[in-house]
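Structure first, then comments.
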Amino acid sequence: MKHLLSTYDLGREDAVRILDVAEEMATVGTREIKKLPALRGRTVATLFFEDSTRTRISFEAAAKRLSADVINFAAKGSSVSKGESLKDTAQTLEAIGAEAVVIRHGASGAAARLAETDWISSAVVNAGDGTHEHPTQALLDAFTLRQHWARVKGVDPLGTGLDGMSVVIVGDVLHSRVARSNLWLLKTLGADVTFVAPPTLLPIGADAWPCTINYDLDDALAAGPDAVMMLRVQAERMNAAYFPSTAEYSRRWGFDDARLAMLDARGLDDTIILHPGPMNRGLEISAGAADSPRAVVLQQVSNGVAVRMAVLYLLLSGDH
Ligand code: CP
Numbered sequence: 114m115k116h117l118l119s120t121y122d123l124g125r126e127d128a129v130r131i132l133d134v135a136e137e138m139a140t141v142g143t144r145e146i147k148k149l150p151a152l153r154g155r156t157v158a159t160l161f162f163e164d165s166t167r168t169r170i171s172f173e174a175a176a177k178r179l180s181a182d183v184i185n186f187a188a189k190g191s192s193v194s195k196g197e198s199l200k201d202t203a204q205t206l207e208a209i210g211a212e213a214v215v216i217r218h219g220a221s222g223a224a225a226r227l228a229e230t231d232w233i234s235s236a237v238v239n240a241g242d243g244t245h246e247h248p249t250q251a252l253l254d255a256f257t258l259r260q261h262w263a264r265v266k267g268v269d270p271l272g273t274g275l276d277g278m279s280v281v282i283v284g285d286v287l288h289s290r291v292a293r294s295n296l297w298l299l300k301t302l303g304a305d306v307t308f309v310a311p312p313t314l315l316p317i318g319a320d321a322w323p324c325t326i327n328y329d330l331d332d333a334l335a336a337g338p339d340a341v342m343m344l345r346v347q348a349e350r351m352n353a354a355y356f357p358s359t360a361e362y363s364r365r366w367g368f369d370d371a372r373l374a375m376l377d378a379r380g381l382d383d384t385i386i387l388h389p390g391p392m393n394r395g396l397e398i399s400a401g402a403a404d405s406p407r408a409v410v411l412q413q414v415s416n417g418v419a420v421r422m423a424v425l426y427l428l429l430s431g432d433h
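Take the sequence shown: its letters are residues 114 to 433, numbered as in the working numbering.
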């Protein structure tokens, strides 16, 4: 693996290897093992053309826990405002020493462009490109799901996938790189995926994807899924799409307190709720659901550091 650009072309063996290495990395950052020396003397650059809290900070924490040096670049306040190109920006970071470039960009394909041209020779990690893919988010979601699934099954997660697990992904699929990366990875790992969305927030061609499509959230929940992943409504990308009123959206596609009570009433004790963040509380998820014991949102965030450590380690150490 030279780059991590998508989950679409990530095989099961590589995906399980990343999750297994992340299991080892999850023990780092505690009082007992604060850091590993694995990437001492190596340099990781984070190159963010779009805003981020979780992804940027967790990549920085991941690199530091592996003893790498980190260069943080944010387009805001940089020479991008003077018209500097992606190529010149990336080459500038490499000239300063970057050996891995973690890039978030509003254009689908931006990470692949960096990786597939001869602009730079660094390893490239896609930290979200337009509506296309967000592979490390899907990997941290899979890691979180695998820990839960292994607990439910009473097995060791190491070496396993998500065979037989049912995952319902709900909301603004049209604009969601998280939904796309999750679909490909969850299928590779053996899970069954159902998308639930308003018809106007599903992309053309979604009916050919390897998932079930349902427009009715209550119907999908009644089937007793093992996990429900709520997607953020991406108001900033909503230009052309027809969006139901916020009241209609939260009534029909939001995970509200009534749906939380329904899981309890049906005895679905092992169904967990995920959200990639940032959450629109009161729109796609109620505060009651987001803060309930079923929600694993903060576990997802913590797991993101371990998964990103595994990705950086595998790309930069040559141990794969
Ligand atoms: N989930 C996610 O990508 O969050 P950020 O935009 O805060 O990085």
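Where a beta carbon is used, it is the ideal one built from N, C-alpha and C, also for glycine.
- the ligand CP heavy atom lying under 7 angstroms from the CB of G390: Yes.
- Message: Would V283 and L330 be called neighbours here (beta carbons separated by less than 8 angstroms)?
- Response: Result yes, Cβ atoms of V283 and L330 sit closer than 8 angstroms.
- Message: What does the Cβ neighbour count give for R144, buried or exposed, with the cut at 16 atoms within 10 Å?
- Response: So R144 counts as exposed.
- Message: My output table needs one value for M343: the three-state DSSP class, helix, strand or coil.
- Response: Correct three-state label for M343: strand.
- Hey, would you say the C-beta of G241 is under 7 angstroms away from at least one heavy atom of the ligand CP? With a threshold of 7 angstroms, the Cβ atom of G241 counts as near the ligand CP, since some heavy atom of the ligand is closer than that.
- Task: Return the first residue and the last residue of the beta strand (DSSP E) that S279 is part of.
- Result: According to the DSSP assignment, S279 belongs to the beta strand (DSSP E) that extends over S279 to V283.
- Taking C-beta to C-beta, are L302 and G274 nearer than 8 angstroms? In this structure, the beta-carbon distance from L302 to G274 falls below 8 angstroms.
- Message: At a cut-off of 7 angstroms, would you count H288 as near the ligand CP, judging by its Cβ distance to the nearest heavy atom?
- Response: H288 Cβ: outside cutoff for every heavy atom of the ligand CP.
- Item | Residue range of the unbroken beta strand (DSSP E) whose run includes F308 | That run of the beta strand (DSSP E) goes D305 to V309.
- Compute the Euclidean distance between the alpha carbons of E229 and A400, then round it to the nearest angstrom. Taking the straight line joining both Cα atoms gives about 43 angstroms.
- Task: Check G274 in the structure and name its three-state DSSP category.
- Result: Note: G274 maps to coil in three-state DSSP.
- Message: Using C-beta distances below 6 angstroms, list every residue in its chain close to Q412, excluding the 5 sequence neighbours before and after it, in chain order.
- Response: Correct list, in chain order: T257.
- Query: Considering only residues of the same chain and omitting the five flanking positions on each side of S289, which have a CB-CB separation below 8 angstroms?
  - Reply: Counting only residues of its own chain and dropping the five nearest sequence neighbours on each side, S289 has a CB closer than 8 angstroms to the CB of T244, L344, R345 and Q347.
- Message: Please determine whether the Cβ atom of S165 lies at a distance below 7 angstroms from any heavy atom of the ligand CP.
- Response: Yes, since a heavy atom of the ligand CP falls inside the 7 angstroms radius drawn around the Cβ of S165.
- Message: At the level of alpha carbons, what is the spacing between E137 and S358?
- Response: It is roughly 45 angstroms from the alpha-carbon of E137 to the alpha-carbon of S358.
- Simplified DSSP assignment, three categories, for E397: The three-state secondary structure of E397, taken from DSSP, is coil.
- Where L160 falls: helix, strand or coil (DSSP): In the three-state scheme derived from DSSP, where H, G and I count as helix and E and B as strand, L160 is classed as strand.
- Message: Would A319 and V281 be called neighbours here (beta carbons separated by less than 8 angstroms)?
- Response: Taking the C-beta atoms as reference points, V281 is found no nearer than 8 angstroms to A319.
- Query: At a cut-off of 7 angstroms, is T257 close to the ligand CP when judged by its beta-carbon and the heavy atoms of the ligand?
  - Reply: Flag unset: Cβ of T257 not near the ligand CP.
- Helix, strand or coil for N352 per DSSP? Note: N352 maps to coil in three-state DSSP.
- Task: Leaving aside the five residues before and after T156 along the sequence, list all residues of the same chain whose C-beta is less than 7 angstroms from its C-beta, in chain order.
- Result: Excluding residues up to 5 positions away in sequence, A181, D182, I184, G210, A211 and E212 lie with their Cβ nearer than 7 angstroms to the Cβ of T156 in the same chain.
- Message: So within the segment 177 to 260, which uninterrupted beta strand (DSSP E) runs reach at least 3 residues, ignoring any that extend past its ends?
- Response: If we require 3 residues or more, the beta strand (DSSP E) runs fully inside the segment 177 to 260 come out as 182 to 187, 213 to 218 and 236 to 242.
- Three-way DSSP call (helix, strand, coil) for A326 in this model: Position check: residue 326 holds Ile in this sequence, whereas Ala was assumed. Here I326 carries a strand assignment [DSSP, helix/strand/coil].
- Task: State the Cα-Cα distance for the pair L132 and A423, rounded to the nearest angstrom.
- Result: Going from the Cα of L132 to the Cα of A423 covers about 8 angstroms.
- Message: Which residue marks the beginning of the beta strand (DSSP E) containing I146, and which one marks its end?
- Response: Boundaries for I146: no beta strand (DSSP E) harbours it, and the DSSP string shows neither H nor E there.
- Query: Does at least one heavy atom of the ligand CP sit under 7 angstroms from the Cβ of R293?
  - Reply: No, the beta carbon of R293 sits no closer than 7 angstroms to any heavy atom of the ligand CP.
- Query: Using 8 angstroms as the threshold, is the segment 323 to 343 in touch with the segment 160 to 174, meaning 3 or more CB pairs across them?
  - Reply: Of all C-beta pairs linking the segment 323 to 343 to the segment 160 to 174, fewer than three are shorter than 8 angstroms, placing the two stretches out of contact.
- Name the residue from D377, L396 and I326 whose alpha carbon lies nearest to the alpha carbon of A360. When each option's Cα is compared against that of A360, the closest is L396.
- Message: Would S119 and P248 qualify as a contact pair, given that the criterion is a beta-carbon distance under 8 angstroms?
- Response: Yes, these two residues count as a Cβ contact at 8 angstroms.
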